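Colleague: Got a structure for you, questions after.
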Amino acid sequence: GDKTVSPFNPKSDCQYVQHYESVFYLRLKYKDALGITTRQCGEICEKYGVSIHSLLQNPRSGKSNDSFVIVTEKVSNASMKKAVVEFEDCDWVKG
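The sequence shown runs 1344 to 1438 under our numbering.
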């Protein structure tokens, strides 16, 4: 038979890490409002120690799928999760 190890069946001694640091990519669909990307996103990220590496916002298409992307510097996943929860509570975020 085939003795090839499947990459999706880790060894039994494999440990999963719950807390780690990484760069993150966050895509937010939004309803247009003044100061979303500059003021509100910056305040939320700063509150949780999330440093923005770059932000991409294409010109509005006038459709319901307008979105922008935040790429972060290296940050803990716990801090990023807290920022995402707060973004989800914003009335201008659609998903």
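Cβ atoms here follow ideal geometry from the backbone N, Cα and C, with glycine treated the same way.
What you are looking at is a predicted structure, and each value in this text was computed from that prediction instead of being measured.
1) So, are the CB atoms of K1437 and K1372 less than 8 Å apart?
2) According to DSSP, is Q1358 part of a helix, a strand, or is it coil?
3) By the DSSP assignment, the alpha helix (DSSP H) with S1422 in it spans what residues?
4) Go ahead and pull the three-state DSSP assignment for K1372.
5) Compute the Euclidean distance between the alpha carbons of A1376 and V1360, then round it to the nearest angstrom.
6) Is E1389 helix, strand or coil when you go by DSSP?
Modeller: Short version:
1) yes
2) Q1358 carries a coil assignment under DSSP once its states are collapsed to helix, strand and coil.
3) 1420–1432
4) strand
5) 38 Å
6) helix
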